[in-house]
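**Q** With the first letter of the sequence shown counted as 1, position 40 gets the number 40 in our numbering; the numbers rise by one all the way through. Each residue gets a CB set at the ideal place from its N, CA and C atoms; glycine is no exception. First the structure, then my questions, so here it is.
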Amino acid sequence: MLRYLLKRLLLIVPTLFGIIAINFAVVQFAPGGPIQTVIEKIKEQSAHPGESGLPSHSLYRGMQGLDPAMVAQLRQQFGFDKPPLTRFLLMLRGYLTFNLGTSFFQGQTVLSLVWQRLPVSISLGLWSTLIVYLISIPLGIRKAVRDGSRFDVASSFAILVGYAIPGFLLAIFLIVLFGSGGMVPIFPLRGLATPDAGLSWPAQIADYAWHLVLPTIAMTIGGFASLTMLTKNSFLEEIRKLYVLTARAKGASEARVLYGHVFRNAMLLVIAGFPAAFISILFTSALLVEIVFSLNGLGLLGYNAVLQRDYPVMFGTLYIYTLAGLAMQVIGDFVYTLIDPRIDFDTRP
1 MLRYLLKRLL LIVPTLFGII AINFAVVQFA PGGPIQTVIE KIKEQSAHPG
51 ESGLPSHSLY RGMQGLDPAM VAQLRQQFGF DKPPLTRFLL MLRGYLTFNL
101 GTSFFQGQTV LSLVWQRLPV SISLGLWSTL IVYLISIPLG IRKAVRDGSR
151 FDVASSFAIL VGYAIPGFLL AIFLIVLFGS GGMVPIFPLR GLATPDAGLS
201 WPAQIADYAW HLVLPTIAMT IGGFASLTML TKNSFLEEIR KLYVLTARAK
251 GASEARVLYG HVFRNAMLLV IAGFPAAFIS ILFTSALLVE IVFSLNGLGL
301 LGYNAVLQRD YPVMFGTLYI YTLAGLAMQV IGDFVYTLID PRIDFDTRP
């Protein structure tokens with residue numbers, strides 16, 4: 001097992017390098033950039049003199065076209081005076097020590113921005129994953145026990161409908177229906193806390209939970225289908241094995257058979273997949289939900305970075321996402337061997 005884990009850890013390096021290199025190359029051919037973003041802002045300020053704090057002579061020059069010296073200064077400021085290969089190698093050298101650079105437009109290091117937004121994303125991902133597991137596992141067991149019944153068919157239809165609804169579309173629907181100012185204004189629209197509320201600790205916890213309701217529902221509805229069906233199929237496979245027939249023949253109760261014998265074996269794949277499921281919900285489902293609910297998480301940070309062409313934030317968050325995903329895959333394999341010692345990855349090529 002140690003040899004296999006070491007091999008997987010070593011494979012993280014070329015995989016991470018390949019993903020970052022491909023995305024860096026794609027961005028070089030993409031239209032626009034941070035310099036163009038700054039130029040457009042200057043031109044917009046020049047077109048509305050009353051709304052800008054710039055001097056009048058600067059506004060006039062902006063109307064006629066930017067000074068080439070200013071453009072050259074912007075290129076040097078953003079590092080575009082260097083060849084792409086040099087910029088890529090400098091970026092990789094910084095990534096080796098987790099120096100992810102500094103945001104072009106926010107005046108903070110990428111790592112500090114990630115640390116500021118990480119608690120929001122982890123909060124959403126953790127609660128959503130726990131709710132999905134707490135509901136899907138009992139539901140999957142119940143469906144396996146009553147396989148082919150009306151309950152099985154009806155519940156399958158319900159979870160597949162939930163799976164078919166995009167998370168961002170459900171989020172918009174929930175806002176229109178239950179958000180503040182909606183048809184039934186029950187839940188808040190933005191953030192995870194009421195600003196400047198001056199609440200006590202118990203009230204702050206309740207306020208935090210109240211803000212989590214709509215985003216969590218939007219993130220979890222689509223996650224029940226795969227885990228529920230995986231749990232059901234795992235139980236059905238174990239129920240049909242000889243050791244279950246032997247346990248029943250010896251007079252064991254149905255609860256004893258299900259939770260004393262079948263549960264441990266059927267849950268191996270489900271439990272081992274928890275790290276991957278958490279990463280999946282954290283980095284995919286949360287993106288559009290954070291945008292819709294204006295939650296300052298990693299998803300919203302990356303989205304704004306793409307709009308502004310804030311390349312250090314774009315590649316820094318990509319680096320964090322990819323590294324976390326690859327690490328969680330290795331952790332998932334390790335957890336699998338802890339749960340089931342019969343698994344021997346060293347025999348794999």
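Does Phe-274 come out as helix, strand or coil in the three-state DSSP assignment?
**A** Counting from 1 along the sequence shown, the entry for residue 274 is found at position 274. Reduced to three states, the DSSP call for Phe-274 is helix.
**Q** Can you tell me whether DSSP reads Leu-54 as helix, strand or coil?
**A** Locating residue 54 in the sequence shown gives position 54, where the first residue counts as 1. Residue confidence for Leu-54 is low, a pLDDT of 41 falling below 50, so the modelled location carries little weight and cannot support an answer.
**Q** How far does the alpha helix (DSSP H) with Ser-123 in it reach, from first residue to last?
**A** For the purposes of this step, residue 123 is identified with residue 123 of the sequence shown, where counting begins at 1. That run of the alpha helix (DSSP H) goes 110-145.
**Q** Given Phe-24, which residues of its chain have a CB within under 6 Å of its CB, disregarding the five upstream and five downstream residues?
**A** Position 24 of the sequence shown, counted from the start, is the residue given in the question as residue 24. Taken in chain order, the residues that qualify are Phe-88.
**Q** DSSP beta-bridge partners for Phe-187?
**A** Your numbering for residue 187 matches position 187 in the sequence shown. Bridge partners of Phe-187: Gly-179.
**Q** Could you name the residues of the same chain whose beta carbon sits closer than 6 Å to that of Leu-287, not counting the 5 residues immediately before and after it, in chain order?
**A** As a first step, residue 287 is located in the sequence shown; it is residue number 287 there, counting from the start. Only Gly-299 meet the Cβ criterion.
**Q** Hey, could you find the ends of the alpha helix (DSSP H) Pro-195 is sitting in?
**A** Within the sequence shown, the letter at position 195 stands for residue 195. That residue, Pro-195, is in no alpha helix (DSSP H); it is neither H nor E in DSSP.
**Q** Given Ala-324, which residues of its chain have a CB within under 7 Å of its CB, disregarding the five upstream and five downstream residues?
**A** Taking the first residue of the sequence shown as 1, we reach residue 324 at position 324. Contacts found: Ile-279.
**Q** Keeping to the same chain, check which residues put their C-beta closer than 7 Å to that of Phe-178; ignore five residues upstream and five downstream.
**A** For the purposes of this step, residue 178 is taken as residue 178 along the sequence shown, with counting starting at 1. Excluding sequence neighbours, Phe-178 sits near Val-184, Ile-186, Phe-187, Leu-214.
**Q** Who are Thr-102's beta bridge partners in DSSP?
**A** Position 102 of the sequence shown holds residue 102. According to DSSP, which records beta bridges pairwise, Thr-102 is partnered with Thr-109.
**Q** According to DSSP, is Pro-166 helix, strand or coil?
**A** By one-based count along the sequence shown, residue 166 stands at place 166. Coil at Pro-166, not helix or strand.
**Q** For Gly-222 versus Gly-167, is the C-beta spacing smaller than 8 Å?
**A** Translated into the one-based positions of the sequence shown, residue 222 becomes position 222. Translated into the one-based positions of the sequence shown, residue 167 becomes position 167. Their beta carbons are under 8 Å apart, which means Gly-222 touches Gly-167 by this criterion.
**Q** Which residue's Cα is closest to the Cα of Ala-206: Ala-218, Leu-192, Ala-327, Thr-216?
**A** As a working note, residue 206 is residue 206 in the sequence shown. Out of Ala-218, Leu-192, Ala-327, Thr-216, Leu-192 has the C-alpha closest to the C-alpha of Ala-206.
**Q** Do the CB positions of Arg-309 and Thr-37 come within less than 8 Å of each other?
**A** Here the question's residue 309 lines up with position 309 in the sequence shown. Here the question's residue 37 lines up with position 37 in the sequence shown. A contact, by the Cβ cut-off of 8 Å.
**Q** Rounded to whole angstroms, what's the CA-CA distance from Arg-150 to Met-229? Just pull it up for me.
**A** Here residue 150 is taken as the residue at index 150 of the sequence shown, counted from 1. Here residue 229 is taken as the residue at index 229 of the sequence shown, counted from 1. In a straight line, the C-alpha of Arg-150 is about 16 Å away from that of Met-229.
**Q** Taking DSSP as the reference, what is the three-state secondary structure of Asn-23?
**A** In the sequence shown, the residue the question calls residue 23 occupies position 23. Asn-23 falls in the helix class under three-state DSSP.
**Q** Just the C-alpha distance for Ser-226 and Ile-137, rounded to the nearest angstrom, thanks.
**A** By 1-based counting over the sequence shown, the position of residue 226 is 226. By 1-based counting over the sequence shown, the position of residue 137 is 137. Computed Cα separation, rounded: 11 Å.
**Q** Classify Asp-310 as helix, strand or coil using the three-state DSSP reduction.
**A** As a first step, residue 310 is located in the sequence shown; it is residue number 310 there, counting from the start. Coil.
**Q** Helix or strand or just coil, what does DSSP make of Met-219?
**A** For this step, residue 219 is matched to residue 219 along the sequence shown. Helix, per DSSP.
**Q** Going by DSSP in three states, Ser-149 sits in which element: helix, strand or coil?
**A** Reading the sequence shown from its first residue, position 149 is the one you call residue 149. Coil at Ser-149, not helix or strand.
**Q** Give the range of the alpha helix (DSSP H) segment to which Ala-249 is assigned.
**A** Along the sequence shown, one-based indexing puts residue 249 at 249. It spans 242-249 - the alpha helix (DSSP H) in which Ala-249 sits, taken as one unbroken run.
**Q** Taking the beta carbon of Thr-317 as the centre, do at least 16 other beta carbons fall within 10 Å, making it buried, or is it exposed?
**A** The sequence position of residue 317 within the sequence shown is 317, counting from 1. Counting Cβ neighbours within 10 Å, Thr-317 comes out buried, since at least 16 surround it.
**Q** What residue range does the alpha helix (DSSP H) around Ala-30 cover?
**A** As a working note, residue 30 is residue 30 in the sequence shown. That residue, Ala-30, is in no alpha helix (DSSP H); it is neither H nor E in DSSP.
**Q** With DSSP run on the structure shown, which of helix, strand or coil describes Leu-85?
**A** As a first step, residue 85 is located in the sequence shown; it is residue number 85 there, counting from the start. DSSP places Leu-85 in helix when its eight states are reduced to three.
**Q** Quick one: what does DSSP say Thr-350 is sitting in, helix, strand or coil?
**A** It is not possible to answer for residue 350, since the shown part of the chain is limited to 1 through 349.
**Q** Mapping DSSP to helix, strand and coil, what is Gly-297?
**A** For the purposes of this step, residue 297 is taken as the residue at position 297 of the sequence shown. Looking at Gly-297 - three-state DSSP - the assignment turns out to be coil, as it is neither helix nor strand.
**Q** Going by CA-CA distance only, name the one from Asp-333, Ala-327, Leu-326, Tyr-319 that's closest to Tyr-95.
**A** As a working note, residue 95 is residue 95 in the sequence shown. Here the closest residue by C-alpha is Tyr-319.
**Q** Looking at the secondary structure, which residues open and close the alpha helix (DSSP H) in which Ser-226 lies?
**A** What you label residue 226 is simply residue 226 of the sequence shown in a count that begins at 1. From DSSP, the alpha helix (DSSP H) with Ser-226 extends over 224-239.
**Q** Between the beta-carbon of Phe-235 and the beta-carbon of Ala-266, is there less than 8 Å?
**A** Position 235 of the sequence shown, counted from the first residue, corresponds to residue 235. Position 266 of the sequence shown, counted from the first residue, corresponds to residue 266. Result yes, Cβ atoms of Phe-235 and Ala-266 sit closer than 8 Å.
**Q** Alpha carbon to alpha carbon, how far is Arg-8 from Leu-245? Give it in angstroms, no decimals.
**A** As a first step, residue 245 is located in the sequence shown; it is residue number 245 there, counting from the start. As a first step, residue 8 is located in the sequence shown; it is residue number 8 there, counting from the start. Near 39 Å, if we compare the C-alpha coordinates of Arg-8 and Leu-245.
**Q** What's the call for Ala-69, buried or exposed, on a 16-neighbour Cβ count within 10 Å?
**A** In the sequence shown, the residue the question calls residue 69 occupies position 69. By the neighbour-count rule (16 or more Cβ atoms within 10 Å), Ala-69 is not buried but exposed.
**Q** Can you look up Ser-406 in the DSSP assignment and give me helix, strand or coil?
**A** Residue 406 falls outside the range modelled here, since the chain spans only 1 to 349, and no answer is possible.
**Q** Would you mind working out which of Val-161, Asn-233, Phe-157, Val-335 sits nearest Ile-271, comparing C-alpha positions?
**A** The residue labelled residue 271 in the question sits at position 271 within the sequence shown. Residue Val-335 is the option with its Cα nearest to Ile-271.
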